[in-house]
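Encoded as structure tokens, the structure appears first; notes follow it.
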Amino acid sequence: MSRSGPQASDSASNPDAKQVARSLWKGADLPLSVLEQTSIHFTGPLHPLPSSYRIGVAAQACIAVVALAAQLLHHLREKKSSSSSDASRDAAERLNLDHASFAPITVDSLHASFEFNSEKHIRVAPGWTDTVADSLLLSSPEAQRLVNICPEAAKEWDVLAGIYRTKPTCNKSSSTASPHVRLHTNFPHHKSGLLEILGLMPVSKPADMVPSNVEKEQASRVTREEVQEALLRWEGQAFERRAREERMCATMFRRQKDWDSCEVGGAIREWVQKDEGVPFRITAISSQADDVRVPKTSDPKRHAAAQAVLPTSTHPSVNGPLLGPTPHLRALRVLDLSRVLAGPIAARTLALHGSQVLQISSQNLPNLPLAELDTARGKRCATLDLNEAQDREKFKQLIQGTDVVLQAYRPGSIASKGFSPSEAQQLRPGIVYASLSAYGFTGPWSNVRGFDSLTQTACGINHEEALSYARYRKSNQREAQGDVNADVDSGAIEPRALPCQALDHAAAYMLAFGILASLIRHELSGSSKGSHVQVSLAGVAYWLTSLGRVHGDEAWEVDPLPNVEAYLQASKIRSDSRADQKGEQVRATLFGVAHAANIQGVSTRYGEAPVRIGIDAAEWAA
607 MSRSGPQASD SASNPDAKQV ARSLWKGADL PLSVLEQTSI HFTGPLHPLP SSYRIGVAAQ
667 ACIAVVALAA QLLHHLREKK SSSSSDASRD AAERLNLDHA SFAPITVDSL HASFEFNSEK
727 HIRVAPGWTD TVADSLLLSS PEAQRLVNIC PEAAKEWDVL AGIYRTKPTC NKSSSTASPH
787 VRLHTNFPHH KSGLLEILGL MPVSKPADMV PSNVEKEQAS RVTREEVQEA LLRWEGQAFE
847 RRAREERMCA TMFRRQKDWD SCEVGGAIRE WVQKDEGVPF RITAISSQAD DVRVPKTSDP
907 KRHAAAQAVL PTSTHPSVNG PLLGPTPHLR ALRVLDLSRV LAGPIAARTL ALHGSQVLQI
967 SSQNLPNLPL AELDTARGKR CATLDLNEAQ DREKFKQLIQ GTDVVLQAYR PGSIASKGFS
1027 PSEAQQLRPG IVYASLSAYG FTGPWSNVRG FDSLTQTACG INHEEALSYA RYRKSNQREA
1087 QGDVNADVDS GAIEPRALPC QALDHAAAYM LAFGILASLI RHELSGSSKG SHVQVSLAGV
1147 AYWLTSLGRV HGDEAWEVDP LPNVEAYLQA SKIRSDSRAD QKGEQVRATL FGVAHAANIQ
1207 GVSTRYGEAP VRIGIDAAEW AA
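What follows is the structure in structure tokens.
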């Protein structure tokens, strides 16, 4: 299989990256002329990762549309900043995109695959260096000492996280592929909460409270064997329901057809199909509801007069002169209220393209230092406690000075603190408010916590992946034929995860793209209303499945990826910047996967990486 050169579609039914990019661009209601006149090259193998899902195509398309949207927004704002006194004429000229020129974009599938696994490839080196050969894996004790991370925190998964067998169901119509559940125990309160349900820890606190050190020690002594023994006393659906009631994180292993036919899956399907098959939605924020459609903008000339009187931002840097042709989003301010992967990667991508991103976390919540080293590159990171009146007031001031709020907490969590989309719009008219959820914004699971791995298990991806792999083994006689036949025919197969957390990473680019599309649509339509961008992991799963599948040797006989070192980029690790805090002083370099979008003539490089979350003041940089 070739590892370079342009791509060609593998079949008429499976769209290639260019076709997928076009559907996303069209779904965002952005001018097609911009896409059509921009040279976008997709290189590398069509299927760089071993999977029956077309992850490479999805990754390339997502990354490309964000890169082009950043160029388009920069173009529109640059034209605005250089306009003359004849506002109506200048608006018409600025919005005439028929002859606008945009830099060519290249996205290689191998590079995009590494970027969709970026959290696995973090390295650090002592001192400040551009030489990747000097770097150390975070599994190294020396690397952990450099950035003050304990060995447990340097692991991708908690020891109890993963798949377990459950008691076979008595209900023959049950929507389980085979009796398994997946647990997500990376956060201490989720871990102890699940152990309490299983009777492996005493119930001693409300479910959402972070456990004490004593409780953490109790949880650390529980083994996988004990968890497995306890789960064999539960039917999968019953345990999933109980975990959901306790706001814990576990899902039952389902077949895709059972997910599609249940109420939750049906709500996801209906939501995505309503938006032309794209897994994001952009609506105008109103005080009554957040589902008012944003005005169409496909004919920018039609809106030139309205655009001439579009209100300016509440902070002067947004509509002032840009400081050069790149980075494209230098004047944009983004408040990042997100954790783990999808939300933080979306904000990291906006930071890469030049935005000033301020990540706000709570010092009362546990964190995942390994992932945060990767996702916080280019950001400033502060902490606030939104349960405290003084910090809520400070957060209001931050909203008044921002362009974008990106939040990925459980639906309703941030709104309960007084910062819903409509309340943010009142504080900052014209704001773009982006929300991420696990299981959508309608339907019975709309307020349920979830993560990429849990969503894969719940919606049938783990089953479909396992089934494809079992059939591949059968056709190639890799194991005893009888065993494989039994697996394939009965459906009693072990869950198989995707080779990366593709739902998280794709959702991240959908969020970033939706945010940029909203800002572009504001520029083109003249609307002064804020916009609400919505993305869900389950919606992304539905979209990924809609891109088609590959099977057999094409899916599973793929060349090994090249050495990741060629795709890594250095970022200086930044110590505590607050004058009133001593903080740790670290002199080290972080190496992480560089951005996969190569924009001709543009330097896309991540900024400094904070040594940990919360080292900056909760204020905008001057």
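With my numbering as the guide, the letters of the sequence shown map in order to residues 607 to 1228.
Even glycine gets a Cβ: it sits at the ideal position worked out from N, Cα and C.
Can you give the Cα-Cα distance for residue i and residue j, rounded to whole angstroms?
i	j	result
G799	L1060	16 Å
L1150	K880	16 Å
G1207	Y1039	31 Å
F793	E725	17 Å
N970	S1137	30 Å
A767	L1130	47 Å
H1249	L804	Outside the displayed span of the chain (607 to 1228) sits residue 1249, for which this structure offers no information.
G1158	V1192	49 Å
I1179	R954	15 Å
S1081	N723	30 Å
Q560	I891	No information on residue 560 is available, as it lies outside the stretch 607 to 1228 that the chain covers here.
V1170	S719	10 Å
L801	H647	49 Å
V816	K797	10 Å
E721	P1105	13 Å
K761	S745	8 Å
Q750	P757	7 Å
T644	A825	54 Å
F1025	I888	18 Å
F1001	H727	33 Å
S867	Q965	39 Å
P885	I874	9 Å
P1216	N754	12 Å
Between residue i and the rest of its own chain, which residues show a CB-CB distance below 6 Å, the 5 nearest in sequence each way excluded?
i	result
F1047	Q1140
A1113	A948, V1141, L1143 and V1146
L1109	D1058, T1061, L1143, V1146 and A1147
I1219	S967, N973, E978 and C987
H717	Y1173 and A1202
N1091	Unreliable placement is indicated for N1091, whose pLDDT of 49 sits below 50; the coordinate value is still reported in the next sentence. Excluding residues within five positions, none has a Cβ falling inside 6 Å.
N620	G1154
K1023	L992
N1204	T712
I1020	Q1013
A1176	D736, T1195 and F1197
I1037	A1030, Q1031 and G1136
V671	A627, L630, W631 and F1119
Please work out which residues of its chain come closer than 8 Å, Cβ to Cβ, to residue i, disregarding the five sequence neighbours upstream and downstream, and give them in chain order.
i	result
K863	G1066
T775	T782, P785, E841, G842 and Q843
R839	K773
W763	N792
F845	T772, V787, I803, L837, A856 and M858
A895	Caution applies to A895, whose pLDDT of 44 falls short of 50 and renders its modelled position unreliable; the model cannot decide the point.
V809	E802
L1004	L941, L964, I966, A1224, E1225 and W1226
E1214	R983, G984, S1177, K1178, I1179 and R1180
Going along the chain, which residues of its own chain have a beta-carbon closer than 7 Å to the beta-carbon of residue i, five neighbours each way excluded?
i	result
L958	G984, H1201, T1210 and Y1212
D714	T649, G650 and A1202
A667	A623, V626, A627 and L630
A1123	A634, L636, A675 and I888
Going by C-alpha distance, which of the options is nearest residue i?
i	options	result
E882	G1145, L1042 and L744	G1145
H705	E642, E1214 and S1052	E642
M1116	Q1191, Q1006, V878 and F859	V878
N819	N1068, L716 and P972	P972
L935	K624, E684 and E876	E684
A1223	Q824, L990, L674 and L976	L990
W865	E1070, S1133 and Q1175	E1070
P656	A1161, V940 and L938	A1161
V963	V946, L976 and A937	A937
P1017	R887, D740, S645 and Y1045	Y1045
I769	A873, A670, I1099 and A1228	I1099
S1074	A1103, W1051 and D740	A1103
R939	T981, R1034 and R945	R1034
T981	L956, V833 and I661	L956
L1072	L652, Y659 and S639	The sequence given here has Ala at residue 1072, not Leu. The residue with the shortest Cα to Cα distance from A1072 is Y659.
Given the structure, does residue i come close to the ligand ADP, in the sense that its CB is under 7 Å from one of the ligand's heavy atoms?
i	result
K797	As for the ligand ADP, it is missing from this structure, which has no ligand bound.
(Q) Within 8 Å, do at least three Cβ pairs link the segment 1164-1184 to the segment 623-639? (A) no
Q | Entirely enclosed alpha helix (DSSP H) segments - the segment 1039-1126, minimum 4 residues | A | 1058-1064, 1067-1082 and 1087-1096
Q. Counting pairs of beta carbons, one from the segment 823-835 and one from the segment 844-852, are three or more of them closer than 8 Å?
A. no
Q. Can you list, in chain order, the stretches of the alpha helix (DSSP H) that have 4 or more residues and sit fully within the segment 938-1023?
A. 948-958, 975-981 and 995-1006
**Q.** Segments assigned beta strand (DSSP E), at least 3 residues, entirely inside the segment 696-768
**A.** 711-714 and 729-732
Q.
To test your reading of the DSSP string, which unbroken alpha helix (DSSP H) runs of 4 or more residues are found completely within the segment 797-826?
A. 819-826
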